[in-house]
Amino acid sequence: WLKLARPKLFWSLHRHTLRQIGRQSGLSALLSLLAMFACCAAHEDESGKIEEVEAMPEVAPKPVEAPAVQPGNKALKVKIAYARGLRNADWTSKSDPYCECEVVGKGSGKLTTAMVSDSLDPVWDFEGAVDCAEGDSLSFKVLDKDMVSSDSLGSITIPAAAFQEEGFDGEVLLEQGGSGLKPYLRVSITGPDGKTYPQGMAKSDEFTFSIKSKPLGLRMEKNGTIIRINQVLDTGAVPEYNKKAAPAYRVESGDYVSAVNGSFDYATIIKLVKEESKLDISVRKHVKETFEIETPLGVDLKDDKDAVDLYVKGIQTGKHAESSGKIKVFDHIIGVDSVQGPTTAARLSEELEKANRAPKTKLTISRLAPCPSSGPVDVSSITRMAKDDLGLLPQPEQPKANTAVVQIYVRS
Numbered sequence: 013w014l015k016l017a018r019p020k021l022f023w024s025l026h027r028h029t030l031r032q033i034g035r036q037s038g039l040s041a042l043l044s045l046l047a048m049f050a051c052c053a054a055h056e057d058e059s060g061k062i063e064e065v066e067a068m069p070e071v072a073p074k075p076v077e078a079p080a081v082q083p084g085n086k087a088l089k090v091k092i093a094y095a096r097g098l099r100n101a102d103w104t105s106k107s108d109p110y111c112e113c114e115v116v117g118k119g120s121g122k123l124t125t126a127m128v129s130d131s132l133d134p135v136w137d138f139e140g141a142v143d144c145a146e147g148d149s150l151s152f153k154v155l156d157k158d159m160v161s162s163d164s165l166g167s168i169t170i171p172a173a174a175f176q177e178e179g180f181d182g183e184v185l186l187e188q189g190g191s192g193l194k195p196y197l198r199v200s201i202t203g204p205d206g207k208t209y210p211q212g213m214a215k216s217d218e219f220t221f222s223i224k225s226k227p228l229g230l231r232m233e234k235n236g237t238i239i240r241i242n243q244v245l246d247t248g249a250v251p252e253y254n255k256k257a258a259p260a261y262r263v264e265s266g267d268y269v270s271a272v273n274g275s276f277d278y279a280t281i282i283k284l285v286k287e288e289s290k291l292d293i294s295v296r297k298h299v300k301e302t303f304e305i306e307t308p309l310g311v312d313l314k315d316d317k318d319a320v321d322l323y324v325k326g327i328q329t330g331k332h333a334e335s336s337g338k339i340k341v342f343d344h345i346i347g348v349d350s351v352q353g354p355t356t357a358a359r360l361s362e363e364l365e366k367a368n369r370a371p372k373t374k375l376t377i378s379r380l381a382p383c384p385s386s387g388p389v390d391v392s393s394i395t396r397m398a399k400d401d402l403g404l405l406p407q408p409e410q411p412k413a414n415t416a417v418v419q420i421y422v423r424s
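Under my numbering, the first residue of the sequence shown carries the number 13, and numbering increases by one thereafter.
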């Protein structure tokens, strides 16, 4: 061993190998070392000289195409977008994650993403196809790539009932992802036609992140009963958070602050932002929509020449904004005709005055993302605990369950 373990050997032949071994633990690391020394011995001639060998480059798993579709089966497209909050399985750096997808119990047609080096929030944007029979479930495994083996970073099985009727598009919580961790995987699966994914947002509707420093680096204002982020500045705690966050979890201009440290009250949020150094901020995403609409619009706008957009505070009766239903109170007009993108309220107001003299105009609006809905909900098994607005019915002294499902309908 001493004869083989020469400095020249270690630094010319196995710089890469030692780095990979440093990411392993226990038996895997020992086996890797033995394999390395065996490789060393294979390159030593009778005179004891070591043959120079270039370090082996990193090889990522290659995407595997799905097999031909069997009679009676369907080819479903699967998109593996990203993962977030993964466990760090390495010693000296971060994990090198990749993801596998396969039909449960079939053992063939496995899909494998590329590997993303040194990341706990990998973005793959991988798409492939699987041969699925009716009732087949799909298994997803996120793994850390190592020289000898791959360590599990979490897995989940999505049952057939979740995607075979309408498809699936959303985040799933990975099981066995690490003690105290909540790693998520973003997956999209086509519906029965095997071509189109269900309609859904490309980003997470709502998420929470933590910061421990100030200033925030945000310009905000009250928008109805919620706080809107008018601008994300170049410097501050939130811009620094954005540099490390996965794309779907970055804070953008136009997003909304729904809660801070668990509080939803506007006055309390403002107080917390001013006084507290550690903040858990919950953000609701915004959506943009561009459309043509007849003029004059008939909207009442907030008079704020220092703003970056036009805030709709009212809709006039009998005008095109009301009849079209395309503009709502609390919307923000961020583009008028050719004036699109970052600008000022004054510039947009000038353009809107011109547009009102034409038959039609093109608007881009920003508004709070709607709450996600998966369609009608089966409530047959839910016990009714309230009636009208008269309050709760008498509660049992010893409930049979410790979980309640509540659905609230709001009639406007």
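Note that CB positions come from ideal geometry on N, CA and C, so glycine has one too.
Predicted model, so just to flag it, every value in this text is computed and none were measured.
Simplified DSSP state of residue i, which is helix, strand or coil
{"i": "residue 245", "result": "coil"}
{"i": "residue 256", "result": "helix"}
{"i": "residue 412", "result": "coil"}
{"i": "residue 264", "result": "coil"}
{"i": "residue 271", "result": "strand"}
{"i": "residue 52", "result": "Its pLDDT being 48, under 50, residue 52 is placed unreliably by the model, and nothing is read from it."}
{"i": "residue 109", "result": "strand"}
{"i": "residue 177", "result": "coil"}
{"i": "residue 146", "result": "coil"}
{"i": "residue 319", "result": "coil"}
{"i": "residue 19", "result": "Note that residue 19 scores 42 on pLDDT, short of 50, meaning its location in the model is unreliable and no value can be drawn from it."}
{"i": "residue 87", "result": "strand"}
{"i": "residue 76", "result": "Caution applies to residue 76, whose pLDDT of 45 falls short of 50 and renders its modelled position unreliable; the value that the coordinates give is listed next. Residue 76: coil per DSSP, three-state reduction."}
{"i": "residue 250", "result": "helix"}
{"i": "residue 184", "result": "strand"}
{"i": "residue 101", "result": "coil"}
{"i": "residue 489", "result": "Summary: the structure shown does not reach residue 489, with the chain confined to residues 13 through 424, and so no result is reported for it."}
{"i": "residue 191", "result": "coil"}
{"i": "residue 124", "result": "strand"}
{"i": "residue 352", "result": "coil"}
One or two residues paired with residue i in a DSSP bridge
{"i": "residue 235", "result": "238"}
{"i": "residue 298", "result": "380"}
{"i": "residue 373", "result": "305"}
{"i": "residue 96", "result": "196"}
{"i": "residue 132", "result": "Paired residue(s): none; residue 132 is not in a bridge."}
{"i": "residue 311", "result": "327"}
{"i": "residue 230", "result": "244"}
{"i": "residue 140", "result": "90"}
The beta strand (DSSP E) enclosing residue i, as first and last residue numbers
{"i": "residue 281", "result": "Here residue 281 belongs to no beta strand (DSSP E); instead the alpha helix (DSSP H) covers 278-287."}
{"i": "residue 197", "result": "196-201"}
{"i": "residue 218", "result": "218-223"}
{"i": "residue 364", "result": "Residue 364 -> not in any beta strand (DSSP E); alpha helix (DSSP H) instead, spanning 357-367."}
{"i": "residue 163", "result": "162-170"}
{"i": "residue 339", "result": "Careful: residue 339 lies outside any beta strand (DSSP E) and carries neither H nor E."}
{"i": "residue 347", "result": "344-348"}
Closest residue to residue i among the options (Cα-Cα distance)
{"i": "residue 279", "options": "243, 254, 233 and 300", "result": "233"}
{"i": "residue 254", "options": "228, 235, 239 and 273", "result": "228"}
{"i": "residue 166", "options": "184, 159, 173 and 179", "result": "184"}
{"i": "residue 179", "options": "169, 209 and 159", "result": "209"}
{"i": "residue 294", "options": "305, 241 and 337", "result": "241"}
{"i": "residue 327", "options": "85, 344 and 366", "result": "344"}
{"i": "residue 114", "options": "141, 281, 127 and 335", "result": "141"}
{"i": "residue 248", "options": "200, 130 and 230", "result": "230"}
{"i": "residue 88", "options": "128, 285, 172 and 335", "result": "172"}
{"i": "residue 195", "options": "133, 204 and 146", "result": "133"}
{"i": "residue 306", "options": "291, 296, 339 and 297", "result": "339"}
{"i": "residue 303", "options": "250, 333, 361 and 108", "result": "333"}
Cβ-Cβ distance between residue i and residue j below 7 Å
{"i": "residue 157", "j": "residue 94", "result": "no"}
{"i": "residue 266", "j": "residue 378", "result": "yes"}
{"i": "residue 376", "j": "residue 346", "result": "yes"}
{"i": "residue 191", "j": "residue 169", "result": "no"}
{"i": "residue 331", "j": "residue 310", "result": "yes"}
{"i": "residue 121", "j": "residue 143", "result": "yes"}
{"i": "residue 193", "j": "residue 96", "result": "no"}
{"i": "residue 153", "j": "residue 218", "result": "no"}
{"i": "residue 370", "j": "residue 316", "result": "no"}
{"i": "residue 105", "j": "residue 130", "result": "yes"}
{"i": "residue 201", "j": "residue 138", "result": "no"}
{"i": "residue 282", "j": "residue 275", "result": "no"}
{"i": "residue 320", "j": "residue 341", "result": "no"}
{"i": "residue 272", "j": "residue 381", "result": "no"}
{"i": "residue 308", "j": "residue 368", "result": "yes"}
{"i": "residue 269", "j": "residue 239", "result": "yes"}
{"i": "residue 136", "j": "residue 125", "result": "yes"}
{"i": "residue 127", "j": "residue 102", "result": "no"}
Start-to-end residues for the alpha helix (DSSP H) that takes in residue i
{"i": "residue 335", "result": "332-336"}
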